[in-house]
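Remarks on the structure that follows.
Residue numbers (my numbering), protein chains in the order written: chain S, 1 to 237; chain V, 238 to 498.
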C-alpha cells in the first residue's frame, strides 16, 4: 500500500500555497510582461503583439493567432544542465499553455497578426507550467489585450495518501508515490482551461483536488490583481 | 528610417550630446549586480542591470572526459541565447550568428585572461574533468549586451560553488559544497562604439543601430588587455583603436566595483 504522508517536507498545511510574489512590467521592451514567483519557482513572461505574422502564408484574414513558447533556462533544472533549445517536454507545455490562454482571447479582433507569448523559467521547484501561465496572463493584461477573464494556475495532487496543494519538487519525487495535476482556471466563472494528470488516483480524491484547485486559484488571483493594480494605479488610473 | 536616426544621433554627438543626455563616456545608471538569482537550481547565478538592460547568467557543473591535448585540464563552455522575450527584434530558434558572437566574446575574455586555472578542474587525468557551463540570457535588451553579459558571467562564476562528485557511482551530486571557483583575474569588458567621428560607451539600441564600428576590450588590470573584438563594417585607424583602448581602461574600475571583492 502507499506510504502515509503525514507532514509536508516544508511544513506547509496540506491546502497551503507556497509564498507568492508577482510583478508587472518587468521587461521594458516588451508590450507586456510579468514575473511570478511561487516558492522557489520563478517564471518570467513577455507578450509581443498583435504584430505582423511571418511567414505570410500563415496569416488568417479571419483571426489572429496566439503563439506560446515555454522555455527553461539551461541552468534552471534540478540536477544536470538542461540542453538549450526546445525539447518534447517544452513543446508540449507550450501547446497546452497556448490553448489555456487562447480560451480567454477573442482572436477575431486581430486578423492577420500574431500575439507572441514567451515564458522563461529562471529557477524551478515544480509547478513551472502553472507559474508560466499565471505570469503570462498578467503580461497579456499588461499589454492591454482584451481578455474575457483572468486565469490562475496551480498544481494539486496526491502525495502518499493525502490530497495536497501546490506540490514542490521534493513532493513530486516522493518515493511513496505522487499524483500531479496542473490546473488553470478562469477567475469569474471557475472554468478549467488547463488540465493534465500524471499518476494513479481515485475519483473521490480527484474531485477533492479539483475543489481545492478552485479555492486556491482565487488566492493566486488576488496576488495577480494586486500586481496589476500596483503598476496601473501608479500611472494614475 | 535607420538613416534618419543615424543622422540625428550623429548630429547630437557632434555637439557632445546623446539622446538620453548622457556624456559620451558615461554608463547608464543604475548598474547593479544581484547574486544567487537561481540559487535553488544553478550552481552559480547572477543578474546584472545597466540602465534598463537586464542580463542573467548561470553556471552548471558537468563531468566529462578531458580533451586529449589537455588531459589534465577541465574547461568552460559559454552559451548565449538572444531570447525573443527580451526584445521584439529577436526571433525564436537556434542561436544565430549574433548570439554566437556574444558567447564567444564573453568566453574569450574569461579563457584568455586565465582567470580560471583549468588544471584545478581536473578530477582524474585523462579520464574525468569538470566542465563549467556558463549560460547567458538577456531579459531586457536595451543595448550593450556585451558589457552586461561579460559582467553577468563573471558574477555567476563568483557565486558558483562546486557540487559533489561520487567517484564510485560516477555521478554528480548537486549539493553545493563550500568550494568556490578561484578567480585569478577579473576580466572586465568595455565596448566602445564609433559613430561618425565620435566614440561612446554603453550604447542604447538606437545608438547600436547608428553604429559605424565597435570595439570590445577586455582588461585584467590598469594596463593589460586579454581579449578584443572589433565589430561593424567601417574601419578604424590605429589612433582610434588607441583611444578606444584608453576608454576601456578608464572605465574598468567603474564596472569592477559592482562585483564582490
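Beta carbons are placed, not taken as given, at the ideal position from N, Cα and C, and that holds for glycine.
These figures come from a predicted structure and were not determined experimentally.
Cα-Cα, which of the options is closest to residue i?
i: residue 216(S); options: 59(S), 134(S), 52(S), 68(S); result: 134(S)
i: residue 440(V); options: 252(V), 258(V), 240(V), 241(V); result: 258(V)
i: residue 410(V); options: 194(S), 46(S), 80(S); result: 80(S)
i: residue 7(S); options: 179(S), 159(S), 197(S); result: 159(S)
i: residue 281(V); options: 393(V), 369(V), 341(V), 269(V); result: 393(V)
i: residue 249(V); options: 436(V), 345(V), 361(V), 476(V); result: 436(V)
i: residue 46(S); options: 423(V), 482(V), 469(V), 321(V); result: 321(V)
i: residue 468(V); options: 339(V), 479(V), 360(V); result: 339(V)
i: residue 209(S); options: 183(S), 232(S), 230(S), 233(S); result: 183(S)
i: residue 67(S); options: 78(S), 92(S), 77(S); result: 92(S)
i: residue 319(V); options: 267(V), 373(V), 359(V), 268(V); result: 373(V)
i: residue 275(V); options: 489(V), 288(V), 455(V), 398(V); result: 398(V)
i: residue 406(V); options: 300(V), 479(V), 292(V); result: 300(V)
i: residue 482(V); options: 496(V), 489(V), 454(V); result: 454(V)
Closest Cβ-Cβ distance between residue i and chain S: below 7 Å?
i: residue 480(V); result: no
i: residue 325(V); result: yes
i: residue 365(V); result: no
i: residue 297(V); result: yes
i: residue 403(V); result: no
i: residue 377(V); result: yes
i: residue 289(V); result: yes
i: residue 417(V); result: no
i: residue 245(V); result: no
i: residue 493(V); result: no
i: residue 370(V); result: yes
i: residue 440(V); result: no
Which word fits residue i, buried or exposed, when buried means at least 16 other C-beta atoms lie within 10 angstroms of its C-beta?
i: residue 237(V); result: The structure shown does not extend to residue 237(V), since chain V is modelled only from 238 to 498, so the question has no answer here.
i: residue 37(S); result: buried
i: residue 175(S); result: exposed
i: residue 69(S); result: buried
i: residue 104(S); result: buried
i: residue 309(V); result: exposed
Would you tell me roughly how many angstroms separate the C-alpha atoms of residue i and residue j, rounded to the nearest one?
i: residue 10(S); j: residue 420(V); result: 36 Å
i: residue 131(S); j: residue 82(S); result: 19 Å
i: residue 380(V); j: residue 442(V); result: 5 Å
i: residue 384(V); j: residue 18(S); result: 36 Å
i: residue 472(V); j: residue 448(V); result: 12 Å
i: residue 430(V); j: residue 286(V); result: 20 Å
i: residue 1(S); j: residue 172(S); result: Reliability of the predicted coordinates at residue 1(S) is poor, the pLDDT of 45 falling under 50, and the value obtained from them is presented with this limitation in mind. If you take the alpha carbons of residue 1(S) and residue 172(S), they lie about 18 Å apart.
i: residue 323(V); j: residue 26(S); result: 10 Å
i: residue 119(S); j: residue 34(S); result: 10 Å
i: residue 315(V); j: residue 84(S); result: 12 Å
i: residue 41(S); j: residue 357(V); result: 33 Å
i: residue 245(V); j: residue 51(S); result: 27 Å
i: residue 247(V); j: residue 446(V); result: 12 Å
i: residue 277(V); j: residue 125(S); result: 8 Å
i: residue 330(V); j: residue 161(S); result: 43 Å
i: residue 368(V); j: residue 302(V); result: 9 Å
i: residue 337(V); j: residue 371(V); result: 13 Å
i: residue 15(S); j: residue 21(S); result: 18 Å
i: residue 136(S); j: residue 466(V); result: 38 Å
i: residue 464(V); j: residue 404(V); result: 37 Å
i: residue 151(S); j: residue 327(V); result: 28 Å
Can you tell me where the beta strand (DSSP E) with residue i in it begins and where it stops?
i: residue 48(S); result: 41–52
i: residue 465(V); result: 462–468
i: residue 117(S); result: 113–123
i: residue 487(V); result: It is not in any beta strand (DSSP E) - residue 487(V) instead sits in the alpha helix (DSSP H) that spans 475–493.
i: residue 194(S); result: 192–195
i: residue 360(V); result: 359–361
i: residue 180(S); result: 178–186
i: residue 271(V); result: 268–272
In terms of residue numbering, what span does the alpha helix (DSSP H) encompassing residue i cover?
i: residue 129(S); result: 128–142
i: residue 207(S); result: 203–234
i: residue 88(S); result: 88–102
i: residue 293(V); result: Per DSSP, residue 293(V) belongs to no alpha helix (DSSP H); it is in the beta strand (DSSP E), 290–301.
i: residue 342(V); result: 334–349
i: residue 442(V); result: 442–446
i: residue 435(V); result: That residue, residue 435(V), is in no alpha helix (DSSP H); its beta strand (DSSP E) goes 435–438.
i: residue 384(V); result: 382–396
i: residue 169(S); result: 169–172
Does residue i come within less than 7 Å of chain V when only Cβ atoms are used?
i: residue 75(S); result: yes
i: residue 1(S); result: Reliability of the predicted coordinates at residue 1(S) is poor, the pLDDT of 45 falling under 50, and the value obtained from them is presented with this limitation in mind. No, residue 1(S) does not count as interfacial toward chain V.
i: residue 28(S); result: yes
i: residue 70(S); result: no
i: residue 118(S); result: yes
i: residue 126(S); result: no
i: residue 40(S); result: yes
i: residue 46(S); result: yes
i: residue 79(S); result: yes
The segment 252–286 of chain V: which residues have C-beta closer than 7 Å to a C-beta of chain B, in chain order?
Here the protein chains are S and V, and chain B is not one of them.
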